[in-house]
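Per the working numbering, the sequence shown starts with residue 1465, numbered consecutively.
A virtual CB, placed ideally from N, CA and C, is assigned to each residue, including glycine.
All of these numbers come straight from a predicted model, not from anything done at the bench.
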Amino acid sequence: MRASVTTSLYVCGFLLVLLAGCAAVSYPLADVYSCINQGKGYGMADGQAQCLSSYPDSGKTCTDEAQCAGSCIRHDAFAEPDALSSGQCSARRFRDSCHQFITLGNASPVICDTELGNLTTDDWSPEYAQQRHTMLDELDIAGCLAGGGVVTLMGYYALPGCEHVYADGGKTCQQDDDCTGECLAQVEPESGQVNASHGVCAASDNLACVILFDGAPASETVCFGDLL
């Protein structure tokens, strides 16, 4: 009986050591910050946490997302929509408002004037850079990656968060109940007009400023993400 108890104590002790080791898993914040600040995502690939590969044409000048493997993005959040005629190909897929809507050659205020989330440097202000650092420090990176998420810049203000991709992204919808995430209105790239017949399910929970669709397109743009 005593031997059994002793064995159990040794086993329990060993398990506690293992659990402590698991709990101590950490990620190099400087590497994660550098990764997401390039517009990329930090996630799991080949069984390891790493900065996910970017598209080969990242940084190439573009006037339409059709010219890029990812999205055609702009970096000046507050310029007049018709003041920008070109952008750069993104390092990776961005949230729906960019990926589905932005067509710089035929810019519309609804599409282009709120894409601050694509800013990939700290040049905006020291306060803004500090907000990014603070939010990354507070983010549960291990929990994000364990749940299949990717650490990246999220929302209108492009602050660190955990993005989850939805399997039904791009599916036609009439309301949120049709989607895992949001049902978004679509802007037709040729005309710049909002499609009034249906929306599409969001590809992920990483949204900046979008038009929601609930039986019909909303009359106003909704923005996600707040500064601290």
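Here's the rule: buried if 16 or more other CB atoms are within 10 angstroms of the residue's CB, otherwise exposed. What is residue i?
| i | result |
| --- | --- |
| CYS1673 | buried |
| GLU1591 | exposed |
| SER1683 | exposed |
| GLY1679 | exposed |
| ALA1660 | exposed |
| SER1498 | exposed |
| PRO1414 | With the chain running from 1465 to 1692 in the structure shown, residue 1414 is simply not present. |
| ALA1649 | buried |
| ASP1669 | buried |
| GLY1607 | exposed |
| GLY1645 | buried |
| GLY1534 | buried |
| GLY1612 | exposed |
| ALA1547 | Unreliable positioning characterises ALA1547 in this predicted model, as indicated by a pLDDT of 48, which lies under 50. The coordinate reading is nonetheless provided below. Result: exposed. |
| GLY1663 | buried |
| GLU1579 | No answer about GLU1579 holds up, because its pLDDT of 37 lies below 50 and its placement is not dependable. |
Measuring alpha carbon to alpha carbon, tell me which of the options ends up nearest residue i.
| i | options | result |
| --- | --- | --- |
| SER1522 | ALA1494, LYS1504, GLY1625, ALA1610 | LYS1504 |
| LYS1524 | GLY1511, GLN1502, GLN1552 | GLN1552 |
| VAL1658 | THR1685, GLY1511, GLN1512 | THR1685 |
| HIS1628 | ARG1596, ASP1601, LEU1671 | LEU1671 |
| ILE1500 | ASP1632, ALA1593, CYS1526 | ALA1593 |
| VAL1496 | CYS1687, ASP1601, GLY1511, ASP1632 | ASP1601 |
Tell me whether the beta-carbon of residue i lies closer than 8 Å to the beta-carbon of residue j.
| i | j | result |
| --- | --- | --- |
| LEU1623 | LEU1617 | yes |
| LEU1603 | CYS1637 | no |
| LEU1493 | GLY1507 | no |
| CYS1647 | LEU1676 | yes |
| GLY1689 | CYS1665 | no |
| VAL1615 | ILE1605 | yes |
List the whole-angstrom C-beta distance separating residue i from residue j, where the pair is believed to meet the contact cut-off of C-beta under 8 Å.
| i | j | result |
| --- | --- | --- |
| ALA1667 | TYR1630 | 6 Å |
| TRP1554 | CYS1532 | Going by the sequence as given, residue 1554 is Ser instead of Trp. Their Cβ separation, rounded to whole angstroms, is 7 Å, which keeps SER1554 and CYS1532 in contact under 8 Å. |
| TYR1491 | ALA1509 | Between ALA1509 and TYR1491 the Cβ distance is about 14 Å, and since that is not below 8 Å, they are no contact. |
Continuous alpha helix (DSSP H) assignments of at least 4 residues falling wholly in the segment 1596 to 1673: You should have 1605 to 1610.
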